[in-house]
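Here the protein sequences come in this chain order: A and B. Anchor point for the first sequence: position 97 equals 97 in this note's numbering, and the numbering is continuous, going up by one each time. Just add 114 to wherever you are in the second sequence, counting from 1, and you've got this note's numbering. No residue lacks a Cβ here, since even glycine has one placed at the ideal position from N, Cα and C. Read through the structure below, which is laid out as structure tokens, and then see the notes.
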Amino acid sequence: NAGVTQTPKFQVLKTGQSMTLQCAQDMNHNSMYWYRQDPGMGLRLIYYSASEGTTDKGEVPNGYNVSRLNKREFSLRLESAAPSQTSVYFCASRDTSGRFGELFFGEGSRLTVL
Amino acid sequence: SQQGEEDPQALSIQEGENATMNCSYKTSINNLQWYRQNSGRGLVHLILIRSNEREKHSGRLRVTLDTSKKSSSLLITASRAADTASYFCATDAKGTGGFKTIFGAGTRLFVKA
Numbered sequence: 001n002a003g004v005t006q007t008p009k010f011q012v013l014k015t016g017q018s019m020t021l022q023c024a025q026d027m028n029h030n031s032m033y034w035y036r037q038d039p040g041m042g043l044r045l046i047y048y049s050a051s052e053g054t055t056d057k058g059e060v061p062n063g064y065n066v067s068r069l070n071k072r073e074f075s076l077r078l079e080s081a082a083p084s085q086t087s088v089y090f091c092a093s094r095d096t097s098g099r100f101g102e103l104f105f106g107e108g109s110r111l112t113v114l
Numbered sequence: 115s116q117q118g119e120e121d122p123q124a125l126s127i128q129e130g131e132n133a134t135m136n137c138s139y140k141t142s143i144n145n146l147q148w149y150r151q152n153s154g155r156g157l158v159h160l161i162l163i164r165s166n167e168r169e170k171h172s173g174r175l176r177v178t179l180d181t182s183k184k185s186s187s188l189l190i191t192a193s194r195a196a197d198t199a200s201y202f203c204a205t206d207a208k209g210t211g212g213f214k215t216i217f218g219a220g221t222r223l224f225v226k227a
């Protein structure tokens, strides 16, 4: 059972470079989320997608863009990376079509911006 | 500002003792969830309590919800060294694009063997 898969697991970027974090889920969930977690902190919501074709800003959207490519995939793009974006990024998915269920998380993508 | 706030920020107890963590939130909710995170790993779901429920049990876990006080507590009974982890509460807030799930800053639990 794959669940939520994130790629890459590790990435080092230079300031100003761009990259895309990929996320895919195989549980047929309608909602997907991107969070970032800084050392010793909780998770902060960057963007979310309540259903295929919709996206919306979370708590810390500046410097990021997202694409809900289809029901399975939700990507996060850094157009011009900054050192402040050094963090661990988690993708999650959830069934919110009826009674809301639990979030399922990927293992995280560790990004360092030099 | 975060929807959920946990306290204490850190808790250190002996194996066999009970651990209680609290979570307060700001807006009305559909449900409240508790998650656990081992160092450097992804989050694992522990328990979900719906807004019309007051208490829920799962093994050694007991969660209470007081919607009038906008607060929840997570009790871990007879703690073990393996319970050492960070614990987070999460609530759903209505956004323009649907419900968004917001996490608190977490409680770091250390259980000494």
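Taking Cβ-Cβ distances shorter than 7 Å, what residues in chain A pair up with residue i?
i, result
"B:L162", "E102"
"B:N144", "F100"
"B:H159", "E102 and L103"
"B:G220", "G42"
So with CB distances below 8 Å, who are the chain A contacts of residue i?
i, result
"B:F224", "The premise fails here: B:F224 is roughly 14 Å from chain A at the closest Cβ pair, so nothing lies under 8 Å."
Ordered along the chain, which non-local residues of its own chain (more than five positions away) have a Cβ less than 6 Å from that of residue i?
i, result
"B:F217", "F202 and A204"
"A:K71", "E52"
"B:D121", "N136"
"B:N152", "A199"
"B:A124", "R222"
"A:G3", "F104"
"A:E73", "A24"
"A:K14", "L114"
"B:K226", "Q128"
Just curious, the beta strand (DSSP E) that residue i is in, first and last residue?
i, result
"B:I143", "No beta strand (DSSP E) holds B:I143; DSSP gives it neither H nor E."
"B:H159", "L157 to R164"
"B:G212", "G212 to F217"
"B:G209", "A199 to G209"
"A:T7", "V4 to T7"
Residue i versus chain A: which residues are under 9 Å apart at the beta carbon?
i, result
"B:D206", "T96 and F100"
"B:G130", "Within 9 Å Cβ-Cβ: nothing; B:G130 doesn't reach chain A, min ~27 Å."
Check each candidate in the options and name the one with the smallest Cα separation from residue i.
i, options, result
"B:R174", "B:H159, B:I163 and B:T191", "B:T191"
"A:M32", "A:A92, A:S109, A:F105 and A:S97", "A:A92"
"A:P83", "A:L114, A:F100 and A:T96", "A:L114"
"B:L189", "B:R155, B:Y149 and B:G156", "B:Y149"
"A:R99", "B:L162, B:N132 and B:R155", "B:L162"
"A:G101", "B:T134, B:H159 and B:T178", "B:H159"
Quick one: residues in its chain with C-beta nearer than 7 Å to the C-beta of residue i, no 5 flanking neighbours on either side, listed in chain order?
i, result
"A:G37", "The sequence shown places Gln at residue 37 of chain A, not Gly. Within the same chain, A:Q37 has close Cβ partners L43, S87, V88 and F90."
Residues of chain B with a CB under 9 Å from the CB of residue i: which are they?
i, result
"A:E73", "Chain B residues near A:E73: none, gap ~17 Å exceeds 9 Å."
"A:Y48", "G209, G211, G212, F213, K214 and T215"
Looking at the ligand SAH, does it come within less than 8 Å of residue i, judged from the CB to the closest heavy atom?
i, result
"A:R99", "Questions concerning the ligand SAH fall outside what the structure shown contains, since it holds no ligand whatsoever."
Along chain B, which residues have their Cβ under 8 Å away from the Cβ of residue i?
i, result
"A:M32", "Those within 8 Å of A:M32 in chain B number zero; the least Cβ separation is about 11 Å."
"A:D56", "G209, T210, G211, G212 and K214"
Among residues of its own chain, excluding the 5 on either side of residue i, which ones have a beta-carbon nearer than 8 Å to its beta-carbon?
i, result
"A:K9", "E107, G108, S109 and R110"
"B:N145", "L162, I163, R164, S165, T205 and D206"
"A:V49", "It is worth fixing the name first, because residue 49 of chain A is Ser in this sequence and not Val. Here the set comprises S31, M32, Y33, T55, D56, V66, R68 and F74."
> On the three-pair Cβ rule with 8 Å, is the region 100 to 111 of chain A touching the region 46 to 63 of chain A?
Replying inline: Segments in contact, no.
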